[in-house]
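Asker: Per this note's numbering, residue 14 is the first one in the sequence shown, and the count goes up by one each step. Every residue, glycine too, gets a C-beta built ideally from N, C-alpha and C. Computed from a predicted structure; not experimentally measured. Dumping the structure here so I can ask a few things about it.
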Amino acid sequence: MGDIWKPWIKNGRQQRLFDKAAAIAEEARMHKKDADHTASFSPKTLAAIKRQEYPALALPTGYGGEAVSLYELILMQEKIAEGDGSVALSIGWHMGVMMELSEEQLWKKEQFDRLAKEVVQDQKVVNRAATEPATGSPTRGGVPETTAVRDGDAYILNGRKSFTSLAELLDYYIVSAYVEDLDQVGWFLIDRHQPGVTVEKTWDTLGMRGTGSDDLVLTDVELSVEDLVETAVKGKSKPKGWLLHIPACYLGIAVAARNDAIEFARNFQPNSLDTPISEVSH
């Protein structure tokens, strides 16, 4: 079938990064049927992602990352999606968050340093949790029903987030909430082991089942003021190039479909023919 990716790999660095993605894709391919059946993200695939130190690649080199470019990110994400589109979409959210926080400097330095250190040293995985049943997509501008109420030096969070990809396996959630004392939307960094944090198994869709995008439920979750890492900025937001990790999934899935079609045509031989159907004139 030839190497469809070869023309897009321009140098040794890109080949090395691509090889990491290829190893993840191979592992994901082995578990995608089970992941689809259980509507959950495979822990074995996540372990492979961490072995390749993939979660840290988008961080700046000063933190121990590789400062991957958008081109390199898309190249890797396409390859992972060839193995399993659900895996690529899920880890793509983490990669996008790391790229966004690194480039736009949305957090205080000490807050970002803390998270970046854990991502590099322990390959921690994070995702934003923004979508809610009542508000729909956060891109529509709805105010979250999840609330953060100030209580001295703490905030108490209550609410529910839907479509939280990798929900059960994330190390941290970056959760949007209406912050009552500030009268604006803020984002909180929440450890998965924080008391009051639970994941409710609600993900039962027709497609992309392996993302494990279950509901995140917050019940009287007590956080420090320092866990408020970001507040919404009014005005027109900058284009977010890292969101191209989504169409990268489409391309990787298309390559996988192409490969399957070629493989079938080369190997399927009905009893009415003396050759596989790939050799039949059309």
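Identify which residue in V192, I87, G223 and N24 has its Cα closest to the Cα of D47.
Answerer: The shortest C-alpha separation from D47 is found at G223.
Asker: Reducing DSSP to helix, strand and coil, say where Q65 ends up.
Answerer: Residue state, collapsed to three classes: coil.
Asker: On the criterion of 16 or more Cβ atoms from any shown chain inside 10 Å, does E40 qualify as buried, or is it exposed?
Answerer: Counting Cβ neighbours within 10 Å, E40 comes out buried, since at least 16 surround it.
Asker: Considering only C-alpha positions, which residue in the set Q118, R42 and I266 is nearest to I62?
Answerer: Checked all of Q118, R42 and I266; the closest Cα to I62 is R42.
Asker: Would DSSP call N171 helix, strand or coil?
Answerer: N171 falls in the strand class under three-state DSSP.
Asker: Thinking V110 and P68 are a contact (beta carbons under 8 Å), I'd like their distance in whole angstroms, please.
Answerer: Not confirmed; about 10 Å, so no contact.
Asker: I need the boundaries of the alpha helix (DSSP H) containing E85, first residue and last residue.
Answerer: It spans L83 to G96 - the alpha helix (DSSP H) in which E85 sits, taken as one unbroken run.
Asker: In angstroms, rounded to a whole number, what distance separates the CA positions of L183 and I290?
Answerer: If I take the Cα positions, the gap works out to 45 Å.
Asker: Buried or exposed for F297, please, with buried defined as at least 16 other CB atoms from any protein chain shown within 10 angstroms of its CB.
Answerer: The structure shown has nothing for residue 297, since the chain only spans 14 to 295.
Asker: For S189, tell me which candidate among G225, I266, L231 and I87 has the shortest Cα-Cα distance.
Answerer: Selected option, being the one with the closest Cα: L231.
Asker: Taking 7 Å as the cut-off, decide whether the C-beta atoms of A161 and K92 are in contact.
Answerer: Contact: no.
Asker: Considering only the alpha carbon of each residue, which of N280, R141, E85 and R271 lies closest to N24?
Answerer: Cα-wise, what sits closest to N24 is E85.
Asker: How close, in whole Å, do the beta carbons of N171 and D233 come, if the pair is a contact with beta carbons under 8 Å?
Answerer: About 6 Å; that satisfies the 8 Å criterion.
Asker: Can the beta-carbon of S103 be found less than 7 Å from the beta-carbon of L72?
Answerer: No; because the gap between Cβ atoms is not below 7 Å, this pair is not in contact.
Asker: Pull up the DSSP beta-bridge partners for G199, would you.
Answerer: According to DSSP, G199 bridges with A190 and T244.
Asker: Let's test the definition: count the other Cβ atoms within 10 Å of the Cβ of D97 and tell me whether it reaches 16, buried, or not, exposed.
Answerer: Buried is the call here.
Asker: Below 8 Å on the Cβ atoms is my contact criterion, and I expect V156 with V198 to pass it. Report the Cβ-Cβ distance as a whole number of Å.
Answerer: Their Cβ separation, rounded to whole angstroms, is 6 Å, which keeps V156 and V198 in contact under 8 Å.
Asker: Identify, in the order they occur along the chain, each residue of the same chain with its Cβ nearer than 6 Å to the Cβ of S53, setting aside the five sequence neighbours on each side.
Answerer: Answer for S53: G225, listed in chain order.
Asker: Is N140 helix, strand or coil when you go by DSSP?
Answerer: In this structure, N140 counts as strand in the three-state DSSP scheme.
Asker: Quick check on the burial criterion: 16 or more other C-beta atoms within 10 angstroms. Buried or exposed for S250?
Answerer: Exposed: under 16 other Cβ atoms inside 10 Å.
Asker: With DSSP as the reference, label V212 as helix, strand or coil.
Answerer: Strand, per DSSP.
Asker: Would the beta-carbon of A101 fall within 7 Å of that of Q90?
Answerer: Their beta carbons are under 7 Å apart, which means A101 touches Q90 by this criterion.
Asker: If you reduce the DSSP assignment to three classes, tell me which class N205 lands in.
Answerer: One detail in the question is off: residue 205 reads as Arg in this sequence, not Asn. DSSP places R205 in coil when its eight states are reduced to three.
Asker: On the premise that S175 lies in contact with T144, defined as a C-beta separation below 8 Å, what is that separation, rounded to the nearest angstrom?
Answerer: Confirmed, Cβ separation roughly 5 Å.
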